[in-house]
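Participant: First the structure, then my questions, so here it is.
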Amino acid sequence: MTTLEDRPGTALLVVDVQNDVVGEAPRRDEVVSAIAGLVDRARSEGVPVVWVQHSDEGMPEGSDAWRIVDQLRPASGEPVVQKRYGDSFEATDLEQVLAERRVGRVVVTGAETDACIRSTIHGAFTRGYDVTLVADAHTAGDKSAWGAPPVADVVAHTNLYWQFQSAPGRTAEVAAAADVTLGSGERDAPAAAR
């Protein structure tokens, strides 16, 4: 499993599900609904939910465009990591937030598939985390006008290649929201097995 020592826990990452990021995204409502279901499950199972929120010149902090969508709200005490780069770990306190919670596996949801999601899953994996990408809980804006494939193809390709990602001592997997196992590690093992 994870190459990070003494990190048996799992966290749900909700990356950039903000008004401007997902406003026109295909399958927006289905993706947000899948994420909301995972957030509810994580909370009920005692799995940390970590929110990631991007800002830049076009989406400044505090603006309506920057706000997390109304259907999703961080609960009191849930960390919200502010970022300015694609990889949610780059120049943020995400690693510290996860270390404090003894997290060695991240379950990744959000937007945009072809940018911040890809950067974050690779960033987590190269830092030693096990990474689960939730197949039906990420999306992107349509960039076909600039030569990119349709969003459905971008999502399908990312799901396809991530399930074959490998490295020593780490796991990469893709699972539908309904099939994601959130609990992990010694927290879920019977006391006698620890």
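Going by UniProt numbering, the sequence shown opens with residue 1, and the numbers climb by one from there. Just so you know, even glycine gets a beta-carbon here, dropped at the ideal spot from N, CA and C. It should be emphasised that the depicted structure is a prediction, and the values quoted were computed from it without experimental measurement.
1. So what does DSSP say about residue 195, is it helix, strand or coil?
2. Please look up how many angstroms separate the CB atoms of residue 131 and residue 108, rounded, as I've assumed it's under 8 Å.
3. Going by CA-CA distance only, name the one from 18, 16, 183, 25 that's closest to residue 106.
4. If we cut at 8 Å on Cβ distances, does residue 107 have a partner in chain D?
5. Identify which residue in 17, 10, 8 has its Cα closest to the Cα of residue 116.
6. Within 10 angstroms of the Cβ of residue 88, are there 16 or more other Cβ atoms? Answer buried if so, exposed if not.
7. Taking the beta strand (DSSP E) that residue 13 falls in, what are its first and last residues?
8. Taking the alpha-carbon of residue 137 as reference, which of 15, 31, 21, 23 has the nearest alpha-carbon?
9. Here's the rule: buried if 16 or more other CB atoms are within 10 angstroms of the residue's CB, otherwise exposed. What is residue 12?
10. Quick one: Cα of residue 145 to Cα of residue 151, how far?
11. Please confirm whether residue 97 and residue 50 have their CB atoms less than 8 Å apart.
Facilitator: Looking at the coordinates:
1. What the structure shows of the chain is the stretch from 1 to 194, and residue 195 is not part of that stretch, so it cannot be assessed.
2. 6 Å
3. 183
4. Structure shown: chain D not included; a single protein chain is present.
5. 17
6. buried
7. 9 to 15
8. 31
9. buried
10. 12 Å
11. yes
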